[in-house]
Structures are given as C-alpha cells and as structure tokens.
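The structure under discussion appears below in the form of structure tokens.
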C-alpha cells in the first residue's frame, strides 16, 4: 500500500480508547470538566449555527444527525434511539461523532459517542442542576435505572455535591445493577420499591426511562414544592414521562425551544407555553430559581452543542496520549486535482 | 483491553482499501455496476425518505450531511466543498459515509467517500447520459479537467460507449494531467486550447469546474442543437457554470427538485421553471429525449440516494475480501443497560 500523508489521517477514538481516556482522567473529573466546557459553550450560545436535529423515524426507532458549528469548528453526532433494542441484547442508544475544521472542511476527529453521550448528558443535567436545584440539595431520586442512571448520579455528586441517591426502576434487576455499580463511590445508595418511595425527601428528581410512548412516571400529587425535576427520558415525538399537570406547576427550562417543543415533555403543552432558555440563565440574563417553593423543570432532550463541547473536550485531551488511532479516511493525492492519478498509482 | 464483541465492530473501508477494491473489481466495471445500482434505486425513488442536504455554510466553503433511507437501510454522507483548498494542497471535496440498519439503528459500514463520490458522480452522469444523450454519441467535450474529469470520461466510455474526449481547462496543466491519466484507456484524447474548440463535434458536453461563484463556462452561441449537456460543477448556492440563455433553450432534468432549485444551474431561473425528474425518465413514466434537435441538460448537484446506492455497493462487494478493517466504534456491554459496568470493568 501507499503510505497515507498526514492530511489523510483522522484521529479515531474507539470505545476501548474512550474508556481508557476516562479512567486516565478519572470519571468524576471528566464529568466536572465536561460540565465546565458545556457551560462555556452555552454562554456563547448566539454564536452557534443551530438547527433541530435531522431525524429519520421508523416504526421501531429513530436515527438522527445533530450538526452544529461555532464558525471555527463543525461537529455532528450520529445517534439512534431504539427502545426495543434492549430486549435483543443491543443498546437503546449508540452514537459516534465527528469534528471538522470549518476553514478546510477536513475532519479532525472521529469518536465513539455512546459512552461520550452518556457522559455529556449527565454533565449537562448536573450543570443545569447547579443553576436550578434548591440550595444545599443533598438527595436525588433516580427514577429509571438503565444505562444513563449511574452517570447521572455521579455527575450530580461531582458537580452539585449531592450525597444520597434513591433508586427506583419498574425492573428491580435494573435497580440492583445500578446500586452495585454505585457502591463505594462516596454516595449513600437507597434502593426503593416505588417511585413514591424514591422521591421521599429528594430535592432533585431525575427521570430517565426509555419507553417510546407517553408514560406517566410522575403524577402531579407526587411532586412537592421546591424540587428540581431533571427529566431526561422524554426526548422524542410521542415520548413523555411527566403528567401534564406537573408541567403547569413548574417553571420550565430548555436547551433549544424549536427542538424541545417537538421532542420534550412540553410537546404536551400549547406551542406558546412559556419556557426559559438555559443559556440565558447561564449568562445571567435571566434568573433561574426565584424561590424555595418554586418547582423547576429541566426538560432535557439533548442538543448538538453539548456534543460539540464533548468532542472538543476529547480532541483536547487525547493530544500526547495513546488513546486514539490514525484512520486513513481522507483521500489526499499529492496534487489535489489528481485523485485519479493517486488511484492509478495504487496499482503499482 | 477488553475484546469488543461482534456487535461493537463496524467494517471500515479506508482510502487504501477503497483503491484496492476498485482495482480488484476493475474501475470500468465498478462504474458500470454503480450506474446499474443507482438506476435500480432511481426506479424505486418514491420509496426513499428524501430531504435536501443539511448544509453549514461559511465564507470559504460548505460542510454538508446527506441522509436518506429506503426503510431497511439508512445512509448518510459527510461532504465538504472548499474551492480554495486546491491552492493549499488540499482536496476541494472530501467525504465519508455510513450505512446503518434501520431495525436496530446500528451502523453496518463506515467508508471513505472521496473516491467513492468521484465514482458515483461519474456513474450517475453516464447513467443519465444513457437516457438523454443523442443516439450513437461518440464524442464528449470535458470542460474542467480537475479531480472529477477522468472518472467522467471513463464512465461515459464504459456506460455510453463514447470513444473520444476533448479536454479543456483554463489551466493547461490540468488538461495535461487528465490527458496523461487517460492515455491507454481506449479513448482518443484531444487536448484543446479553448472551450469553443473542445465542443467542436461533441454530442455530449460535460462541464465540471469548481469556482464558488456564478461563472459562464458555456455561452449561448457555443451550444448547438441536439447536444446533451452534463453540468456537474454548479452545485451550491451562488455557483453556476452556464449562461441562463442556454437553460432556456434546454429541456432540464434534475435529481431532486427542492435541492436543485437552490444549488443547481436552475437557481438562475424562476422557481416554477419546468424541470423533469430523472427517476420518472428511468421508470418510463416520462419521455427523456424527444428529438434529434433537442438540447437536454442534466443539472447535476448530487443526491443522497446516489451515495446510498454506492455505499450498499461497497458493503456488498467487501464481503469475503480483505478490503476493510473492523472498527471498535459501538459500545456493546453484555447487559445493554450496564454501560457503566462495562466502563468500570475496563479498569480491571
């Protein structure tokens, strides 16, 4: 074979290398650092090229592309959502992503993003919790103990300082798995038998369930004054987790309204129901939590800018490490007009 | 490291492997086969999920995502267009693409597409030529002798049976390069000093120039009755190659009107100027060439379905060969809900 030139090579972070990188840095530090990088990008929100994700729906799931750009770098994520996958031994969500240089259009990073999405979703939730959760919150109810749950618990510990998590899942095995994974992580872990039991004394309620349908994980009478609700699972059309009455009692915070109105909990509400954009809370333009009795709700669906921040974090942190491989992904003839000649010479 | 399971691995076709695969099959056979596969997909056009590409424009170029799906497979291509790159020793266009299984959302192929795009663009042009060029056409003018030109010439030879190409480029070095690459390929190659000279006696005129601006490569008085024009280069907003008067004398054929009206030559015309969709010519619903004196124009911009066909062609043809590597791209824990546990076990 011909030896590809440097320009032809794109650093690729495999799943194994992503795991290695996370352990190398330390998972809680990764979550704290990611939250800080996402916060910095939220604070320069107007700069970004923003578009709702491009979704291809089928009967059984969705495949989405989530692009964005800050004018210097371009990034996108490929991500699927197939709730029925779990029963078949597959992940509900798998993802990978790419960063490219806007000036040349050349990719500069390809990375697995199944793990990275779990990390950035948790980091974003905890970052929002830092702004909206009641002061001094120490206890979080974690409803839905699937693949995202441990990341959420650790992120809220590392970023917001919670010390107790109360776990509930309709499948007791999932709760056992999460409790096992969270043992010896510096958290008091309380497995619970009902959602009602889980939210007892919790100042923060995180819901993260995966059914592709309108479910009611929380009913209105379960939610007391002053809590912060971190609603992760309602993230595609027709999929919600909270009773509409809870939404009406809450002040609702979102990432990108045009996307959240279609995919989030607020698809249950009128199109003009008031919501607050989180970036404005972070820049200080808008007040987040106004009182101790207020119910704040983060209607999380995940936005491309969070993936962009996460990919840049990975690019920054793999430099000088062995946590990537160079991929011969770009054709790079000596004379850029001579693509055909390059192909011909490969014969030799 | 842990050994990734089969589900975690995605076959990846590098640039070197793509070149190897093309030589293994033979480039003219690849072009003929690709044209046949693209034709088959055009004939089932209504089946596809179609959307104009998602573009991110900057001062110097564009980065695009081109997704589509036939309900069984999903595909997308990442492609940039940066005309100024050539001067910096970089490709104007680089690309890669992915196929995924709609049922699971899991990727099944990642491939370089810089070379593959050159091949599928040429195959599409020649396929369209087969339907629209005057009967017995033997001579093609090739105006613009950059990276795409040799692929175009070979495709029209292999698919349409031309035997002579007349080359012209504003840069004589580019013409020399193309003539050199096309020597001993079974074509009579005639380098020309002007565009006017190049189109002498040509029944097919292919234009493929890369400036990101409205250029006039062909003026009205240069184009005689009966020719088929294959206009490749006008493929983004603000970029055209042909004088508007030529368009008005031609019957215009396009891939996907909502995309071509924004990106193609017809951006010069009224929004409701009549155009014919090529898939309808291929299914026989609409007549293509109606007379010997008619000027037919393929206003080519490239559409996602062509990339989809090309990616499926690659997937089909790498089976049982060594022209791919397995990429550890998807996190695949034994228990799909236990992503965190997989990460933890990586420590051990």
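Protein chains in written order, with this note's numbering: chain A, 1 to 348; chain B, 1001 to 1348.
Every residue gets a Cβ at the ideal spot worked out from N, C-alpha and C, and that includes glycine.
Small disclaimer: the values here were computed from a predicted structure and weren't measured.
Exposed or buried, which one is residue i when buried takes at least 16 other CB atoms within 10 Å?
i                       : result
residue 134 of chain A  : buried
residue 1139 of chain B : buried
residue 1172 of chain B : exposed
residue 53 of chain A   : buried
residue 347 of chain A  : exposed
residue 1026 of chain B : exposed
residue 1047 of chain B : exposed
residue 157 of chain A  : buried
residue 1107 of chain B : buried
residue 1353 of chain B : In the structure as shown, chain B starts at 1001 and stops at 1348, and residue 1353 of chain B therefore has no counterpart that could be examined.
residue 1039 of chain B : buried
residue 1188 of chain B : exposed
residue 1184 of chain B : exposed
residue 328 of chain A  : buried
residue 1345 of chain B : exposed
residue 1 of chain A    : At residue 1 of chain A the pLDDT is 46, less than 50, meaning the model places this residue with poor confidence and gives no usable figure here.
residue 1037 of chain B : buried
Specify, as a first and last residue, the run of the beta strand (DSSP E) that residue i falls within.
i                       : result
residue 253 of chain A  : 250-254
residue 105 of chain A  : Segment: none, residue 105 of chain A is in no beta strand (DSSP E) and carries neither H nor E.
residue 1191 of chain B : 1188-1191
residue 1269 of chain B : Element bounds for residue 1269 of chain B: n/a, residue is neither H nor E.
residue 164 of chain A  : 164-168
residue 1142 of chain B : 1139-1143
residue 1393 of chain B : Beyond the ends of chain B as shown, which are 1001 and 1348, falls residue 1393 of chain B; an answer cannot be given.
residue 90 of chain A   : Here residue 90 of chain A belongs to no beta strand (DSSP E), and DSSP marks it neither H nor E.
residue 206 of chain A  : 204-207
residue 1240 of chain B : 1240-1242
residue 1230 of chain B : 1228-1231
Would you please state the rounded distance, in angstroms, between the beta carbons of residue i and residue j? I believe it to be under 8 Å.
i                       : j                       : result
residue 13 of chain A   : residue 318 of chain A  : 6 Å
residue 1160 of chain B : residue 1130 of chain B : 5 Å
residue 97 of chain A   : residue 73 of chain A   : 12 Å between Cβ atoms; not a contact.
residue 1243 of chain B : residue 1220 of chain B : 5 Å
residue 149 of chain A  : residue 208 of chain A  : 6 Å
residue 1100 of chain B : residue 1206 of chain B : Not confirmed; about 34 Å, so no contact.
residue 128 of chain A  : residue 278 of chain A  : 6 Å
residue 94 of chain A   : residue 1330 of chain B : 5 Å
residue 229 of chain A  : residue 223 of chain A  : 7 Å
Taking 8 Å as the threshold (beta carbon to beta carbon), is residue i in contact with chain B?
i                      : result
residue 29 of chain A  : no
residue 317 of chain A : no
residue 306 of chain A : no
residue 16 of chain A  : yes
residue 104 of chain A : yes
residue 330 of chain A : yes
residue 128 of chain A : no
residue 89 of chain A  : yes
residue 204 of chain A : no
residue 70 of chain A  : no
Terminal residues of the continuous alpha helix (DSSP H) containing residue i?
i                       : result
residue 1128 of chain B : 1114-1132
residue 195 of chain A  : 195-199
residue 17 of chain A   : 15-25
residue 307 of chain A  : 304-318
residue 180 of chain A  : 172-182
residue 1155 of chain B : 1149-1155
residue 263 of chain A  : 257-263
residue 344 of chain A  : 339-347
residue 1283 of chain B : 1278-1283
Is the Cβ of residue i closer than 8 Å to any Cβ of chain A?
i                       : result
residue 1001 of chain B : Confidence is the limiting factor: at residue 1001 of chain B the pLDDT is only 46, short of 50, which leaves the residue's position unreliable, though a coordinate-based value still follows. Chain A contact via Cβ: present.
residue 985 of chain B  : No answer is possible for residue 985 of chain B: the residues shown for chain B start at 1001 and end at 1348.
residue 1271 of chain B : no
residue 1024 of chain B : no
residue 1346 of chain B : yes
residue 1073 of chain B : no
residue 1165 of chain B : no
residue 1041 of chain B : no
residue 1019 of chain B : yes
residue 1302 of chain B : no
residue 1327 of chain B : yes
residue 1146 of chain B : yes
Please give the ranges of any beta strand (DSSP E) in the region 33-81 of chain A, keeping only runs that are unbroken, at least 3 residues long and fully inside the region. Listed in chain order, the complete beta strand (DSSP E) runs (minimum 3 residues) inside the region 33-81 of chain A are 54-57, 62-69 and 73-81.
Could you name the residues of the region 1177-1190 of chain B whose beta carbon sits closer than 7 Å to any beta carbon of chain E, in the order they occur along the chain? Checking the listed chains, one finds no chain E in this structure; the protein chains it contains are A and B.
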